[in-house]
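If you're matching them up, the sequences are chains A and B in order.
Heads up: the first sequence begins at 17 in this note's numbering, then just goes up one per residue.
Heads up: the second sequence begins at 17 in this note's numbering, then just goes up one per residue.
Here a beta-carbon is modelled for each residue, glycine too, at the ideal position from N, C-alpha and C.
All values reported here derive from a predicted model rather than from experimental measurement.
Protein chains: 2
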Amino acid sequence: MNKPRAAAPIPPGEAMPQERQQWIVQRLRSHGRVVAAELAAEFEVSEDSIRRDLRELAGQGLCKRVYGGALPLPVAVSPLKQRRVEHTARKQALARKAATLVRQGQVLLIDAGSTNAAIAAALPERCGLTVVTNAPDVVLALLDREGFEIQLIGGRVDPRIGGAVGAQAVKELQRIRADLCFPGACALDLEGGLWGFDSEESLFKRAMVEVSGETAVVVTSDKLGTVATHRVAGLAEVQHLVVEHDVDKATRNAYAARDVAVHRADVAVD
Amino acid sequence: MNKPRAAAPIPPGEAMPQERQQWIVQRLRSHGRVVAAELAAEFEVSEDSIRRDLRELAGQGLCKRVYGGALPLPVAVSPLKQRRVEHTARKQALARKAATLVRQGQVLLIDAGSTNAAIAAALPERCGLTVVTNAPDVVLALLDREGFEIQLIGGRVDPRIGGAVGAQAVKELQRIRADLCFPGACALDLEGGLWGFDSEESLFKRAMVEVSGETAVVVTSDKLGTVATHRVAGLAEVQHLVVEHDVDKATRNAYAARDVAVHRADVAVD
DNA sequence: CACTCATTTGCACGTTTATGCATGTTTGTA
DNA sequence: TACAAACATGCATAAACGTGCAAATGAGTG
């Protein structure tokens, strides 16, 4: 699989140590992770030097070292909306993996929800992406960044959901054709597929799936194997499943056996 | 590998120290880095001289010295993010005064902009208010609170404005009837009335005024008495004007003489 | 012209930094 | 539990660095 290669050009053959560290930080932002061996090859230095760089960057609080490379630290959030961000690190790890499903120039459909806001924040900049969403927090995650076409779906906003749902929102949605959609998952199981808690909400998610070429379900582990009240879509309509690192292989294989491409996120760092 | 040699001409063999430093700065901008050894070869001086130059430039804050050469120091932050945290205390004082214009059970129309987000945050809870807005940050300011009916206006989001504008947004807006609207003001003067910077933005504000029973203009002092490029509405269509505490009485009376109710905010406390 | 003063430059010296390799240890996975 | 990959650490080397000093240059002055 090719790297999207966002804004960052190719690192030059000869790079000064500090310059190299800048490149690493940039790559952390655009790719969500770095692998020591890859960096060593690209900069044409030994892995020892790369490790030294990562150690220094981690000391400055610019990344978190992990076995094999490094990950970006969870970005600081404003204290006002801190309540809404639980499990930030885990969701960012999920989001980074989900962002790798995206291709240049695609039209994305992103649902409301904190996990989906994290996905929006993890999307590569300047790739000609169009993001259609009913969620204000998804828009805000994109506003500070560059190179996105943003289309907002209007309608009555349900405060429990944090986005527009209802008849008007569905009607607006049906004028859209998207390449890939991320319907927020309330629950997911092998037999029933994707579920939602609320009637209006589920109808909106259902519409999302219908107007999208592909559907990617991104779930935290606590939602796997559970059911809810309103059915959204069967597994046959789901092409991608992004799960956390701690999901066991048996579960992953079970979904893979139903023709769902399972993507496993990296370990989360706090 | 050949040097791209972008805009900068070839450094001549004989160059005065200051001249040399200018070239170095130019090269920093175009190449993003300079290597001491390369510079020494091109200017045909010793690396010691180049190092002296770099030391001086770094002292003037024109570059950052690194082992092997120098790098340009990072500049600029996102203008929108910056705008959002400017003059918070003053805007809160304005917003509190603006919130006193609201009556129970009204339908409010709130534009995008940091001042308007502050107004939303200052609205009284549980008064049966309906808030219609095209701005995600206004919605977020209301989501954590209770007793609001929120209606989101969709459409293409302009990142500079931070809200939906354009034909679709205007069309959605025209299905609404509001009691009071708060169009974000880019400029306000006695003759021309209310102005906006952008064409699409101004058309949307214009539509806001047309579907609202009353219009309230809330402005920070720096926008008073100035004009912009696109006209939104004349003073005859503006019923309320909320200004900061430091606006002089003559100005307030001038607006009052044109049948605009002028409301003066309390002093801001930082 | 002789002299001074300021500036710039290159060189020699000792110091700091970056790097790769060898060592033994830790970590993730089967 | 076993094993390989990734890791930390110490060490040697080479490059880059800072500092002090002397030579060269040029402008101003008696």
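Inter-segment contact for the stretch 193 to 201 of chain B and the stretch 170 to 190 of chain A is absent: fewer than three beta-carbon pairs are separated by less than 8 angstroms. Chain-order list of chain A residues neighbouring B/ILE169: GLY170, by C-beta distance under 7 angstroms. Residue B/LEU156 holds the alpha-carbon nearest to the alpha-carbon of A/ASP174 among B/HIS256, B/LEU156, B/GLU188.
DSSP lists no bridge partner for B/PHE220. For the pair A/SER130 and A/GLY144, the Cα-to-Cα distance works out to about 24 angstroms. Rounded to whole angstroms, the gap between the alpha carbons of B/PRO90 and B/ASP69 is 20 angstroms. At least one CB of chain B lies nearer than 7 angstroms to the CB of A/PRO175. Within the stretch 211 to 267 of chain A, complete alpha helix (DSSP H) segments of at least 4 residues are found at 215 to 226, given in chain order. Here A/GLN167 is not near A/VAL154, since their CB atoms are 7 angstroms or more apart. The stretch 252 to 271 of chain B makes contact with the stretch 223 to 232 of chain B: 3 or more CB pairs, one atom from each, lie closer than 8 angstroms. Proximity of A/ALA57 to chain B, defined by a Cβ-Cβ separation below 7 angstroms, is not satisfied. Under DSSP, B/ASP174 forms a beta bridge with B/GLY179. Considering only beta carbons, the part of the stretch 148 to 165 of chain B lying closer than 7 angstroms to chain A consists of PRO152, ASP153, VAL155, LEU156, LEU159, in chain order.
Between B/ALA105 and B/ALA128, the C-beta gap is not smaller than 7 angstroms, which leaves the two residues out of contact.
Within chain B, VAL82, TYR83, LEU87 have C-beta atoms less than 7 angstroms from the C-beta of A/GLN34, given in sequence order. As a beta-bridge residue in DSSP terms, A/ASP205 pairs with A/GLY209. Assignment of beta-bridge partners to A/ALA194 by DSSP yields A/SER228.
In this structure, DSSP gives B/ALA56 a helical state, which the three-state scheme calls helix. For the stretch 192 to 211 of chain A, the set of positions with a beta-carbon nearer than 7 angstroms to some beta-carbon of chain B is empty. The beta carbon of B/ALA180 lies closer than 7 angstroms to those of ASN150, ILE169, GLY170, GLY171, ARG172, VAL173 in the same chain, with the five residues before and after it left out. According to the DSSP assignment, B/GLY75 belongs to the alpha helix (DSSP H) that extends over 63 to 75. Pairing B/ARG49 with B/LEU110 gives a Cβ-Cβ distance that is not under 7 angstroms. With respect to the C-alpha of A/VAL118, the residue from A/VAL243, A/ILE135, A/VAL225 having the closest C-alpha is A/ILE135. Contact check for A/VAL283 and A/VAL82: beta-carbon distance about 6 angstroms, within the 8 angstroms limit, so the pair qualifies. Residues of the stretch 248 to 259 of chain A that bring their beta carbon within less than 9 angstroms of a beta carbon in chain B are absent altogether. Separation of A/ARG36 and A/ALA114 (C-alpha to C-alpha, rounded to the nearest whole angstrom) is 27 angstroms. By the Cβ neighbour-count rule, A/GLN190 is exposed, with fewer than 16 other Cβ atoms within 10 Å of its own. Residue-level contact check: A/ALA134 does not touch chain B, since none of the beta carbons of chain B fall below 7 angstroms from its beta carbon.
Here DSSP, grouped into helix, strand and coil, assigns A/GLN122 to coil. Taking 8 angstroms as the Cβ-Cβ cut-off, the stretch 217 to 244 of chain B has no residue approaching chain A. Note on geometry: alpha-carbon atoms of A/ALA281 and A/VAL263 lie some 10 angstroms from one another.
In the DSSP annotation of this structure, the continuous segment of the alpha helix (DSSP H) that includes A/GLU35 starts and ends at 33 to 47. The continuous alpha helix (DSSP H) containing B/ARG112 extends over residues 104 to 115. Assigned with DSSP and collapsed to three states, A/ILE169 falls in coil, not helix or strand. Annotation: Cβ neighbours of B/GLU188 in chain A (cutoff 7 angstroms, chain order): GLY170. Per DSSP, reduced to three states, the secondary structure at A/ALA128 is coil, with no helix or strand assignment.
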